[in-house]
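One structure below.
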Amino acid sequence: MNTIINLATLLCYLLSSILYIIMNSKSKKKLFGKLATYTAIIGWLLHTVVLVFRTIEAKHPPFANIYEALIFFSWAIVLCYLVFEYRYKLKTPGAFVLPIALLTLASARLLPSGYKVAKPLLPALQSNWLIFHVVSAFLAYACFTISFATAIIYLIRNREIFDEISYKAAGIGFLLLTLGIVTGAFWGHIAWGRYWGWDPKETWSLITWLIYAAYLHARFTAGFSRRKAAYVSIAGFLAMLFTFIGVTWLMPGLHAYK
Amino acid sequence: MFKQGFSGQASRKKNFSWQFLASPKLAIIILILLGITCAIGTFVPQDKVFHYYTHRYGFRIGFWLFKLGLTKIYHSYLFIGLLLIFSINLIACSVRRIISFKKEDSLTIDKEYLNTLELKEMLFSVKAINELKEKIFQILSKKRFKFLSRQDGSTMLISSHKGKSAIFGPYLVHLSLLVIILAGVFTIRFSSRGELKILEGTVAEISHLSAQTFQIRLDKFDIEYYPQTRNVKDYKSTLSVLENAKKVLTKTIEVNKPLSYKGITFYQSSYGYQWDAVMLIVKQKQKSNVYKVKLGQEFVIPGAGVTVLVDRFVPDLLVEKGKGITTKSEEPLNPACHIIVYQNGEKEEGKEKSLWIAAKFPQHASYKQGDLVISLMQGVSTAYTVLGVVKDPGALAFWLGSGLLLVGIFTSLFIYHRRVYGLIKEDGERTSILIAAETKRNKMAFKKEFTQLVAAIKEVIGR
């Protein structure tokens with residue numbers, strides 16, 4: 177049952193990706209656009225069921241190891257994308273974002289089975305702060321992904337609206353990342369008595385924060401051109417990817433997934 | 015183009031160093047440099063000894079890494095210097111903003127400037143200027159705009175705005191970052207932290223961190239496992255605070271649930287067992303007895319004619335090549351002890367027999383001599399807890415700064431300042447009304463708002 181829903185989710189995202197791409201290149205935009213959105217919504221609902229099942233199976237929130245984190249990240253990307261699509265009534269970025277969500281989810285499925293085992297949580301992780309901290313961080317990651325995708329589209333198509341979405345998504349991501357860092361600091365404070373410890377994950381999330389702070393200042397206060405600012409947003413996304421994936425694989429620390 | 019509207023009359027005095035210190039370009043440069051510095055700190059291992067670096071990177075590179083402070087980068091002059099310039103920049107930017115806002119008077123705005131704005135619409139009416147003004151004011155107040163007007167002969171300028179509180183967002187963010195940096199300085203300068211190991215039932219003195227002395231007693235230590243496994247689910251210490259030998263309070267702490275008393279916080283850090291003794295099973299002539307033998311003390315086994323000395327105990331036996339015998343964990347999963355046995359009264363070099371005996375393997379790992387068999391039953395331990403003891407006067411400032419930061423970012427993001435101008439001109443029979451608007455952020459959303467506003471105005475002014 178679980179496997180079937182998993183595969184159905186993947187299939188929906190694949191179909192939706194294809195529909196978004198067709199919509200961007202062919203006529204009958206309206207029809208394909210509608211179909212693309214509906215399949216994405218169905219996929220996301222199935223994805224939610226997958227997360228609920230996992231929570232029941234693992235007896236803890238579904239983001240305690242890299243397998244769960246990738247699934248959750250993909251879920252957050254689609255959620256944020258659908259919100260932005262609804263808000264701006266613009267489907268073009270779907271052709272970029274849905275494939276990213278698909279790849280993220282597929283890479284989780286392709287992990288060796290050893291990574292997929294649901295292990296009980298260590299005492300330090302048994303806290304409600306885990307939920308606040310991780311959910312805000314991952315929603316921030318998802319917003320940065322939207323910002324990245326729309327920045328790229330802006331660089332290709334040169335239409336102002338994409339720059340606008342990119343800026344807005346980066347702004348919301350920035351607020352959520354700040355929330356993620358602050359809740360993490362608070363958690364560190366009650367667990368170990370220190371709000372900051374220069375753990376690699378902490379440091380890299382600070383680096384990501386600094387780059388997005390630079391981006392948010394670049395356009396309005398420092399008068400960078402839209403194109404130049406778009407490159408800063410892309411740099412921010414790369415830093416975020418390193419925070420999420422690079423640190424996990426390369427640097428030992430408190431946040432290394434076991 | 016925007017600068018003209020918001021701070022057109024800003025000071026023209028050019029003082030290069032001031033301009034540079036207060037420039038957002040400097041802010042961006044500093045943000046990027048701080049990012050790079052932080053990144054170096056994650057690639058160069060921090061806080062190791064000098065030889066570690068010369069060994070790892072070669073003498074020359076290792077020497078310079080060490081010399082330049084890159085091996086303690088978050089406390090280096092480079093990093094502190096950057097934070098200092100950053101702080102100055104934050105203050106300078108805020109001061110500059112305050113100065114430019116003071117000089118702003120929206121009613122002296124250049125009328126030609128309105129024609130340069132992107133959002134504008136020309137309307138016409140046959141109504142008189144003052145009547146039109148009242149109508150437009152009604153609409154503006156309905157939409158919660160604040161407005162002013164000035165008549166100048168046959169023209170009337172209306173200036174209105176909304177979301178002014180957004181301008182406080184950046185100040186709040188800048189202020190909060192200063193508070194956070196100060197909190198960090200406080201923590202580095204005035205915080206102290208240490209570790210405290212307390213055996214179950216014993217008392218530890220807390221005096222070096224606090225002006226007033228008090229004691230902490232470990233009443234009880236509990237450990238909980240996941241069912242059917244040895245995976246630790248939770249561990250708890252029941253602590254009592256004592257003052258002058260009187261109990262003040264008792265609290266059970268665990269990871270994520272510390273105890274605070276008089277500015278000092280006690281965190282559950284880890285735990286362990288102090289192995290005091292072992293239970294030995296002694297079999298002779300079909301009779302079996304169990305004796306408790308303390309570690310490091312000679313014990314004469316009654317009726318056996320031998321003395322035994324237990325000099326080492328490991329809870330979870332692990333034999334490693336080169337390292338000899340160690341323990342795999344602190345859990346008594348495979349207890350073993352080293353014993354020395356000799357005949358009573360013959361304590362001489364070479365005459366004793368020494369060996370390891372293990373509780374799980376009594377067949378192979380026991381002492382056997384004639385009909386005497388000595389094997390290990392189990393270890394006897396006292397649990398101890400390890401507490402992190404922290405006093406951090408910077409933490410409170412950090413939470414204050416973090417809270418302000420979140421509010422500041424929220425305000426800057428979701429509230430935005432926008433201006434709508436109206437220029438009413440009598441032009442013979444009819445009256446022309448130019449509606450123009452500007453905003454820095456959220457242009458798309460504002461465009462919608464502007465269209466609605468114009469439509470509403472159009473409706474009330476008639477043809």
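First to last, the sequence lines map onto chains A and B.
FYI, in our numbering the residues of the first sequence are 177 to 434.
FYI, in our numbering the residues of the second sequence are 15 to 477.
All C-beta atoms in this analysis are idealised placements derived from N, C-alpha and C, irrespective of residue type, glycine included.
Mind pulling the chain B residues with CB within less than 7 Å of Val358 of chain A? Locating residue 358 of chain A in the first sequence gives position 182, counting from the first residue. What Val358 of chain A touches in chain B: Ser416, Leu420.
So with CB distances below 8 Å, who are the chain A contacts of Met391 of chain B? The residue labelled residue 391 of chain B in the question sits at position 377 within the second sequence. Neighbours of Met391 of chain B on chain A: none; closest Cβ ~30 Å, over 8 Å.
Please report the distance separating the alpha-carbon of Tyr305 of chain B from that of Ile388 of chain B. One-based indexing of the second sequence puts residue 305 of chain B at position 291. One-based indexing of the second sequence puts residue 388 of chain B at position 374. Distance between the alpha carbons of Tyr305 of chain B and Ile388 of chain B: 10 Å.
For Cys107 of chain B, list the residues DSSP reports as bridge partners. By 1-based counting over the second sequence, the position of residue 107 of chain B is 93. Per DSSP, none; premise fails for Cys107 of chain B.
Boundaries of the beta strand (DSSP E) in which Phe313 of chain B is found, first to last residue: If you number the second sequence from 1, residue 313 of chain B lands on position 299. Per DSSP, Phe313 of chain B belongs to the beta strand (DSSP E) from 312 to 315.
Taking the continuous alpha helix (DSSP H) assigned at Gln152 of chain B, which residues delimit it? In the second sequence, the residue the question calls residue 152 of chain B occupies position 138. 143 to 156 is the span of the alpha helix (DSSP H), which, as asked, contains Gln152 of chain B.
Whose Cβ in chain A lies nearer than 7 Å to the Cβ of Ile42 of chain B? The residue given as residue 42 of chain B occupies position 28 in the second sequence. Result: Ala390, His393, Ala394, Ala398.
Length of the line joining the Cα atoms of Tyr67 of chain B and Leu281 of chain A: Reading the second sequence from its first residue, position 53 is the one you call residue 67 of chain B. Reading the first sequence from its first residue, position 105 is the one you call residue 281 of chain A. If you take the alpha carbons of Tyr67 of chain B and Leu281 of chain A, they lie about 41 Å apart.
Straight-line CA distance for Ile348 of chain A to Ala316 of chain A? Stepping through the first sequence from its first residue, residue 348 of chain A is reached at position 172. Stepping through the first sequence from its first residue, residue 316 of chain A is reached at position 140. Distance between the alpha carbons of Ile348 of chain A and Ala316 of chain A is about 7 Å.
Give a yes or no on whether the minimum CB-CB distance between Thr215 of chain A and chain B is below 7 Å. Position 39 of the first sequence, counted from the start, is the residue given in the question as residue 215 of chain A. No, because no Cβ of chain B sits closer than 7 Å to the Cβ of Thr215 of chain A.
Out of B:Arg231, B:Arg207, B:Ala373, B:Thr227, point me to the one whose CA is closest to Ala218 of chain B's CA. What you label residue 218 of chain B is simply residue 204 of the second sequence in a count that begins at 1. Of B:Arg231, B:Arg207, B:Ala373, B:Thr227, the residue nearest in Cα terms is B:Arg231.
Hey, is the region 361 to 377 of chain B in contact with the region 246 to 256 of chain B, meaning 3+ C-beta pairs nearer than 8 Å? no
7 Å Cβ cut-off: residues of chain A touching Tyr240 of chain B: Here residue 240 of chain B corresponds to residue number 226 of the second sequence, with the count starting at 1. Within chain A, the residues near Tyr240 of chain B are Pro296.
Is there at least one non-hydrogen atom of the ligand NAP closer than 6 Å to the beta-carbon of Ile102 of chain B? Questions concerning the ligand NAP fall outside what the structure shown contains, since it holds no ligand whatsoever.
How close, in whole Å, do the beta carbons of Leu210 of chain B and Val403 of chain B come, if the pair is a contact with beta carbons under 8 Å? As a working mapping, residue 210 of chain B is identified with position 196 in the second sequence. As a working mapping, residue 403 of chain B is identified with position 389 in the second sequence. Correct: roughly 5 Å between the Cβ atoms.
Mapping the DSSP letters down to three states, classify Tyr71 of chain B as helix, strand or coil. Position 57 of the second sequence, counted from the first residue, corresponds to residue 71 of chain B. Of the three classes helix, strand and coil, the one that applies to Tyr71 of chain B here is helix, per DSSP.
Reducing DSSP to helix, strand and coil, say where Gly338 of chain B ends up. Locating residue 338 of chain B in the second sequence gives position 324, where the first residue counts as 1. Note: Gly338 of chain B maps to strand in three-state DSSP.
Roughly how many whole angstroms lie between the Cα atoms of Gly384 of chain B and Cys351 of chain B? In the second sequence, the residue the question calls residue 384 of chain B occupies position 370. In the second sequence, the residue the question calls residue 351 of chain B occupies position 337. Cα-Cα distance, rounded: 21 Å.
Around the Cβ of Lys149 of chain B, are there at least 16 other Cβ atoms within 10 angstroms (buried) or fewer (exposed)? Position 135 of the second sequence, counted from the start, is the residue given in the question as residue 149 of chain B. Label assigned to Lys149 of chain B: buried.
Residue closest to Val199 of chain B, alpha-carbon to alpha-carbon, out of B:Tyr71, B:Asp406, B:Leu213: For the purposes of this step, residue 199 of chain B is taken as residue 185 along the second sequence, with counting starting at 1. For the residues B:Tyr71, B:Asp406, B:Leu213, the minimum Cα distance to Val199 of chain B belongs to B:Asp406.
Evaluate Ile75 of chain B with the Cβ neighbour count: other Cβ atoms within 10 Å of its Cβ, from every protein chain shown; 16 or more gives buried, anything less gives exposed. Within the second sequence, numbered from 1, the residue matching residue 75 of chain B stands at position 61. The residue in question, Ile75 of chain B, is exposed, as its Cβ has fewer than 16 Cβ neighbours within 10 Å.
Less than 8 Å between C-beta atoms, sequence neighbours within five positions excluded: which residues of the same chain meet that for Tyr291 of chain A? Counting from one through the first sequence, the residue named residue 291 of chain A turns up at place 115. Closer than 8 Å at Cβ, skipping near neighbours: Asn241, Ile242, Tyr243.
Just the chain A side, please: which residues come within less than 7 Å of Ala409 of chain B by C-beta, in chain order? Numbered from its first residue, the second sequence carries residue 409 of chain B at position 395. The contacting residues are His365, Tyr371.
Would you kindly work out how many angstroms separate the C-alpha atoms of Val187 of chain B and Ile194 of chain B, rounded to a whole number? Within the second sequence, numbered from 1, the residue matching residue 187 of chain B stands at position 173. Within the second sequence, numbered from 1, the residue matching residue 194 of chain B stands at position 180. Cα to Cα, Val187 of chain B sits roughly 10 Å from Ile194 of chain B.
Contact residues within the region 264 to 285 of chain B, judged by C-beta distance below 9 Å to chain A: Glu268, Val269, Asn270, Lys271, Pro272, Thr279, Phe280, Tyr281, Gln282, Ser283
Step through the CB atoms of chain B and report whether any lies within less than 7 Å of the CB of Leu382 of chain A. Position 206 of the first sequence, counting from 1, holds the residue named residue 382 of chain A. It does: the Cβ of Leu382 of chain A has a partner Cβ on chain B nearer than 7 Å.
Got a sec, what are the start and stop residues for the alpha helix (DSSP H) Ala6 of chain B sits in? Summary: the structure shown does not reach residue 6 of chain B, with chain B confined to residues 15 through 477, and so no result is reported for it.
Pull the bridge partners of Asn200 of chain A from the DSSP assignment, please. Here residue 200 of chain A refers to the residue found at position 24 when the first sequence is read from its first residue. Paired residues: none, contrary to the question.
Does the CB of Tyr67 of chain B have a neighbour CB from chain A at under 7 Å? Translated into positions along the second sequence, residue 67 of chain B becomes position 53. Answer no: the Cβ-Cβ gap between Tyr67 of chain B and chain A never drops below 7 Å.
Starting from Glu126 of chain B, trace the beta strand (DSSP E) in both directions and tell me its first and last residue. As a first step, residue 126 of chain B is located in the second sequence; it is residue number 112 there, counting from the start. Here Glu126 of chain B belongs to no beta strand (DSSP E); instead the alpha helix (DSSP H) covers 125 to 130.
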